Structure formats: structure tokens, C-alpha cells
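Shown next, in C-alpha cells, is the structure this report addresses.
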Amino acid sequence: MNKELEKYLQLIKDNNVVKLDPNNLSLGGFYQFLDREAHKYSTYLSVPARVQWEITQQCNLSCRQCYVNSKHFCWKDELDTKECLKLVEKLRRINVLWIELQGGEPLIRKDFLKIVEKIKLENLNVKIATNGTLITKEIAKTLFRLLDPKNDSFQISLDGSNAEINDRIRGKGAFEKTINGIKICKKIGLRYSINTTLMDENIHDAFNIYKLIHNIGGADRFSFFTLMKVGRGKQLNFALVEEGIRQFIKIKDFEKKVKKPSVRGYIGYEKHIPGYKETAEKVFGDKTIPVANRNSASISNMDIDCDGSVYPSSYLQIPEFNAGNVKSSTLRQLWNTPKWQDLRKESHKICGRCQICDLYNFCGGGTITNSYLHTKNFCSSDAQCLYEPVIKVDNIIIRRPKKEDSGFLKRLWGNPEVMKYVGFPQGMKVSDGKVAKWINEWQMSSQLRLIIEDSYKIVPIGEIGYREDNNFPFKHKGLVLALDIKIVPSYWGKGIAKKSLKKIIEKISLTNQYEFLQVTPNILNTKAVGLYKSLGFTEIGKTKSWVSKDGNIVNYQYMVLHK
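In this text, residue positions in the sequence shown follow the numbering used here: the first is 197, and each later residue adds one.
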């Protein structure tokens, strides 16, 4: 797989898919550049650079991956023509760069062309996302006259190379109508791009979709988009990363043979393949892709729903992020809503398994949208990530727990000798089912739970709990992390505890912002105090008592290790 990965990254570099030069950027690249600059200074733009606008939620199709659950009818009080044209003027006055017209299906509105014409009269750039089934010669001719091929875009969605695959995803009859719309655009001369959302149902068909578009006459761009688990897309899956890359390489090899324009999009999940870091460094050298902001929502992007409600992005149309409505508030008031303060403040932070991942500097931790939708935590690691990070320290391995670890964890927590060090002298009484449930919850939460494994014998020997926690009985500065460690008795005397744990603590910190807080139950009654002192921890704070759900009384004393 690494040879294919290297070839894939080389193609991205050669075709300038990744824009590294801020002085040579397309409009989309400039938008990403703004995101990166805002992230660099831990701030957000004074006004949005891009506005996503669902001008209707009505659609003539019922696509399985639809993020807004579009229907064949309107169930919201949509902005009328006069209100839409007035909104365009407001967007121009605050110097928005780019408006994306989305749906539902935007072409279903009778005043669609009026809205596009108004956007161009106000000298704004526009991107139109359509399913292509409602394109007519009249619409294509008008858009050909209105759109600037350099800065505007007309995106048509196609999810299969034949009716069987495409219509299974998008609805009966969609394939034939979409292909007809593409042919009309080609005949009129209207430039367009093709967008395919990759999921398990169609990922093997990506190359065939490209060949189909080639046979029709090509397109400006053929882009893969990864599935977002929101709306109806919650029920679908995209896990075949390697197959996606193979499909991309087939397309690039085919392009070389027929000398067609390069594909300007790429999979986006290649970072989760083992060996990516080393391969990327080999291909890009000192121009390795920098960590981008995990979030453009509320940083440079605003979303306006069809009824005028404002959200940070199309994928975060949920009540807690509703900033208000364009009918009753100014765009600047909506952009500076207090509701988005935490999102902006936390958008560049990360917790969970990303903290130990060797790909973090390339990936940035995935999208904040997926993080929040899965865990309600802005900082959590992307729940859709397929990569399993591993840390190697001395002769031990630190990794995430698996289902097969449940038996070991049950024995570990129920071992009185081990629990002397962590506050339950009699051991914890847990069932296999409860342990399995905990493992599943850990995978989805911001709390990082790690297995310590003997790399020689390849057997688990302990467990680490590692999480953010700010509820402490003393004053502190900076970010504080709570840490607890359990190791089976036979390994305490083998140097792992004293020799390797300090290295582990240093390894799982990605920044210098932390004070490491060690929370040690019953510390005055066990040998643990000597262990942690040997690691550099200092005792502070009074002993605090806590009663568990099982009725166990635990006495904590807090110890802190300063960076």
C-alpha cells in the first residue's frame, strides 16, 4: 500500500492539488489560506469570507446522504424573492467573497436565475451546487452568460456510472436526468464540475464514473467528497480508504494516456493509512502540508438556511448554534454571536487519541463538525478516523483498547494488588458487559484510555487514563490534564513504572501548555506516593473524599508535575 500511497501523494504534488503558495491561489485556495491564517493567530475573520446559503430545502430527489433531509415539499417559511435579493445586497456590503447556493435543489426555485443575476450584479463570486436533473437549455444559456469561468463554479452531483448504482443512492430516474443535464451544459459551453460523494455503495465505481464523464466530453474537475455523518448520511458508511486511493490512481493513470485535465479533488482520508507520515515527508520534503484549522465554521464561514436562520456551517444546523435570523438582526450581529464563542475558542484544540497520533501534524485532528456531532465536544478526536495510533517507549507499546482487551481490563481492575495504587483496595466489581460498554464509550469520548502492552510478549500489562479536567481544589494556570496508571504487580519491579512512565507522559503531550495533574486515590495509604515522587510529581492539596456509584469510598490527594 505504501508504494501506491507515495504515487498518490506525488500526483497531488505534481498537479498542485495542495496549494502551498499563498501568492498563487485559486479562490478556493485563498479561502483555505484565510482559515489557516486565522488559526495561526487564534482568531476569526471580522466578516465571513464565504457564505453557504440553502436557498430552498425542497428537492426533487431523495439522496441517501443528504445532510439537510431535503423533501419534495417545503416545510419552512422560505425567504421570498424580495428578501433574497435584499440579502444579497447585505452580503455585498459586508464584503463577503463567495456565496454558495445550495439546497435542497436550488434550481427548483422559480426565481433561481434572478438570485444568481443579482449576485453577479453585486460583483460577488458564486458557486452553485445542483443534482443536475433540472438543467434546461434556457437555464444553461443564462448561466453561461452570467458566470465567470475563472471565479464562479457550477457543480453537478453524480454518484454512479450507471443507473443501478447512482439511482440506488439518489433516487429512481436521477441518473438519466443528470446525464442529460451534463450533456446540455457541454453543448451550450457552460463549464461545470462533477462531484461524487464516496461511500461503501459506490467507492468501487469512482474510476468508472470518471470514464463516463470522459466519454461524454470531460469536465473542468472531477472531485471526490467524503461522506459526512449528518442528516440522512448518518445511516451510511465510508471505510474503504485504500480502495479510494486505488480508484484515484486509476484515474490519474488514465489521464496520462488520454491527456485530459487533472483531477482537482482527492480522497481526504489518505492520512489515516499507516506509513502516511514517512511517505508524505519523502514526497513533500520541507513543504509538508501544514496543520490546517480544524474548523472553518464561524472562523471564515457562515451558513444561512432557507428561512434566514444563521448557523456556523451547513453541517452544524442545530439549535445550540442558531445565531438568529437575517430578518431581525444584522449580518455583523449574527457573525459575532456569543453562541459561537466556545466553538471559535476550542476549534484548534484537540483531545483524545489524536494526542498520541504521529499523523497529527499532517491531519490536524479531522473536522470539528464530526467531533461535535459524535461527542458534543469541540476538541474530541474525529470519530470517523480509521487510523489507530501507537506509541512505542522502551520495550512497551501504548495503544487504544480493543474489544479483546475487556477480559484483561476486568481482571486488572479487580486485582486488589493493582488497586492498592489506584484507590480501590478490594478491587472493582465489574462485568464483562460493563467493561465492553466502557471501551465503546471511550472510543467516542474525549477521554483517552490507553492499553500498556509488553512489546516482546505482545500481552497487555496495564492501562492509562488521560483526560482534561478543570475541577480541582487548587488554583492553576494553563491547561491541566488528569492522569492515572494501573500496571499488573509483576511488572512494577521491572523498571516500567519508573523508567518508562515519565517518557510516556512526555510523549503524549503535544504542546507545552499543560500542567500534568496526577490524581491518586488513597495516596497516603499506598506505595504510590513514592512512585509518583520518583517521576517528578509534587504533593499539593488536601485529601478529598469521593463515593463511587458502587458505594466505594475513595480518598484523593492531588499531585502535580509542571512542564
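We put the beta carbon where it would ideally sit given N, CA and C, even for glycine.
Keep in mind it's a predicted model, so treat the numbers as computed, not measured.
- prompt: Can you name the residues that DSSP bridges to Trp-249?
  reply: In the sequence shown, counting from the first residue as 1, residue 249 sits at position 53. Trp-249 is bridged to Leu-297 and Ile-500.
query: With distances taken between CB atoms, is the gap from Phe-403 to Lys-446 smaller than 8 angstroms?
result: As a working mapping, residue 403 is identified with position 207 in the sequence shown. As a working mapping, residue 446 is identified with position 250 in the sequence shown. Going by C-beta atoms, Phe-403 is nearer than 8 angstroms to Lys-446.
field: Boundaries (first-last residue) of the beta strand (DSSP E) holding Ile-592
entry: In the sequence shown, residue 592 corresponds to position 396, counting from 1. Looking at the DSSP string, the run of the beta strand (DSSP E) that includes Ile-592 is 592-595.
message: So, with DSSP's three-state summary, where would you put Leu-706?
response: To locate residue 706, count along the sequence shown from 1; it is residue 510. Residue placement at Leu-706 is poorly supported in this model, since its pLDDT is 49, which falls under 50; the coordinates still yield a value, given next. The DSSP-derived three-state label of Leu-706 is coil.
field: Span separating the alpha-carbon of His-479 from that of Asn-566
entry: Counting from one through the sequence shown, the residue named residue 479 turns up at place 283. Counting from one through the sequence shown, the residue named residue 566 turns up at place 370. Correcting the residue type first, residue 479 is Val in the shown sequence and not His. When only Cα atoms are considered, Val-479 and Asn-566 end up about 29 angstroms apart.
- prompt: Less than 8 angstroms separating the beta-carbons of Lys-337 and Ile-384?
  reply: Taking the first residue of the sequence shown as position 1, residue 337 is located at position 141. Taking the first residue of the sequence shown as position 1, residue 384 is located at position 188. Yes, the pair counts as a contact, with Cβ atoms nearer than the cut-off.
field: Alpha-carbon to alpha-carbon, Glu-600 and Lys-698
entry: Numbered from 1 along the sequence shown, position 502 holds the residue referred to as residue 698. Numbered from 1 along the sequence shown, position 404 holds the residue referred to as residue 600. Each residue's Cα considered, the two are about 27 angstroms apart.
- prompt: According to DSSP, what are the bridge partners of Asp-761?
  reply: Since the first residue shown for the chain is 197 and the last is 759, residue 761 is missing from the structure and cannot be characterised.
- prompt: Who are the near neighbours of Lys-199 in its chain, counting only those whose CB is closer than 7 angstroms to its CB and skipping five residues on each side?
  reply: Position 3 of the sequence shown, counting from 1, holds the residue named residue 199. Here the set comprises nothing.
field: Proximity below 8 angstroms, CB of Ser-543 to CB of Pro-244
entry: Counting from one through the sequence shown, the residue named residue 543 turns up at place 347. Counting from one through the sequence shown, the residue named residue 244 turns up at place 48. Against a cut-off of 8 angstroms, the Cβ pair of Pro-244 and Ser-543 comes out as no contact.
field: Reference Trp-294, options Glu-279, Val-247 and Arg-596, closest by Cα
entry: Here residue 294 corresponds to residue number 98 of the sequence shown, with the count starting at 1. From the listed residues Glu-279, Val-247 and Arg-596, the smallest Cα separation to Trp-294 is found for Val-247.
message: For the ligand MN, is there any heavy atom lying closer than 7 angstroms to the beta carbon of Asp-650?
response: The ligand MN is absent from the structure shown, which contains no ligand whatsoever.
- prompt: According to DSSP, which residues form a beta bridge with Asp-355?
  reply: Here residue 355 is taken as the residue at index 159 of the sequence shown, counted from 1. Beta-bridge analysis with DSSP links Asp-355 to no other residue.
Which residues DSSP lists as bridging Tyr-240, in chain order: In the sequence shown, residue 240 corresponds to position 44, counting from 1. None; Tyr-240 has no bridge partner.
The beta strand (DSSP E) enclosing Asp-449, as first and last residue numbers: The sequence position of residue 449 within the sequence shown is 253, counting from 1. Run containing Asp-449: none in the beta strand (DSSP E); it sits in the alpha helix (DSSP H), 437-454.
Gly-413 versus Glu-584: straight-line alpha-carbon distance, rounded: Residue mapping note: residue 413 aligns to position 217 of the sequence shown, counting from 1. Residue mapping note: residue 584 aligns to position 388 of the sequence shown, counting from 1. A direct Cα-to-Cα measurement between Gly-413 and Glu-584 gives close to 42 angstroms.
message: Please return the same chain residues whose Cβ sits closer than 8 angstroms to the Cβ of Glu-301, not counting the five positions on each side in sequence.
response: The count along the sequence shown starts at 1 and reaches residue 301 at position 105. Within the same chain, Glu-301 has close Cβ partners Thr-252, Gln-254, Cys-255, Asn-256, Leu-257, Ser-266, Thr-326, Asn-327, Thr-329 and Leu-330.
- prompt: Quick one, which of Tyr-687, Asn-636 and Leu-679 has its alpha-carbon nearest Thr-653's?
  reply: Residue mapping note: residue 653 aligns to position 457 of the sequence shown, counting from 1. Correcting the residue type first, residue 653 is Lys in the shown sequence and not Thr. Minimum Cα distance to Lys-653 is reached at Tyr-687.
- prompt: If we call anything under 8 angstroms between Cβ atoms a contact, is Asn-398 one with Phe-421?
  reply: If you number the sequence shown from 1, residue 398 lands on position 202. If you number the sequence shown from 1, residue 421 lands on position 225. A distance of 8 angstroms or more separates the beta carbons of Asn-398 and Phe-421.
task: Mind reading off the beta-carbon distance from Leu-320 to Arg-288? Whole number of angstroms is fine, and I expect it under 8 angstroms.
output: By one-based count along the sequence shown, residue 320 stands at place 124. By one-based count along the sequence shown, residue 288 stands at place 92. About 6 angstroms separates the beta carbons of Leu-320 and Arg-288, which is inside the 8 angstroms limit, making them a contact pair.
field: Exposed unless 16 or more other CB atoms sit within 10 angstroms - verdict on Phe-733
entry: For the purposes of this step, residue 733 is taken as the residue at position 537 of the sequence shown. By the 16-neighbour rule on beta-carbons within 10 angstroms, Phe-733 is buried.
task: Under 6 angstroms Cβ to Cβ from Ser-494, same chain only, skipping five residues before and after it: list those, please.
output: Working through the sequence shown from its first residue, we reach residue 494 at position 298. Taken in chain order, the residues that qualify are Pro-508, Trp-536, Leu-539 and Arg-540.
field: Spatial distance of Lys-203 from Leu-605 (CA atoms)
entry: Here residue 203 refers to the residue found at position 7 of the sequence shown. Here residue 605 refers to the residue found at position 409 of the sequence shown. Here the C-alpha atom of Lys-203 lies approximately 42 angstroms from the C-alpha atom of Leu-605.
- request: Quick one: residues in its chain with C-beta nearer than 7 angstroms to the C-beta of Leu-569, no 5 flanking neighbours on either side, listed in chain order?
  value: Along the sequence shown, read from residue 1 onward, the residue named residue 569 stands at position 373. Closer than 7 angstroms at Cβ, skipping near neighbours: Lys-425 and Val-426.
task: Please report the Cβ distance between Glu-649 and Ile-660, rounded to the nearest whole angstrom; I am assuming they are in contact, meaning their Cβ atoms lie under 8 angstroms.
output: The count along the sequence shown starts at 1 and reaches residue 649 at position 453. The count along the sequence shown starts at 1 and reaches residue 660 at position 464. The pair is not a contact, with the Cβ atoms about 11 angstroms apart (cut-off 8 angstroms).
message: Excluding the 5 residues flanking Glu-274 on each side, which residues of the same chain have their C-beta closer than 7 angstroms to its C-beta?
response: In the sequence shown, counting from the first residue as 1, residue 274 sits at position 78. Hits under 7 angstroms: Thr-252, Cys-502 and Asp-503.
query: So Leu-297 and Ile-324 are in contact, right, with Cβ under 8 angstroms, and what is the actual spacing, rounded?
result: For the purposes of this step, residue 297 is taken as residue 101 along the sequence shown, with counting starting at 1. For the purposes of this step, residue 324 is taken as residue 128 along the sequence shown, with counting starting at 1. Beta-carbon to beta-carbon, Leu-297 and Ile-324 are separated by about 5 angstroms, close enough to satisfy the 8 angstroms threshold.
- request: Compute the distance between the beta-carbons of Ile-564 and Leu-646, then report whether it is under 8 angstroms.
  value: Your numbering for residue 564 matches position 368 in the sequence shown. Your numbering for residue 646 matches position 450 in the sequence shown. No; because the gap between Cβ atoms is not below 8 angstroms, this pair is not in contact.
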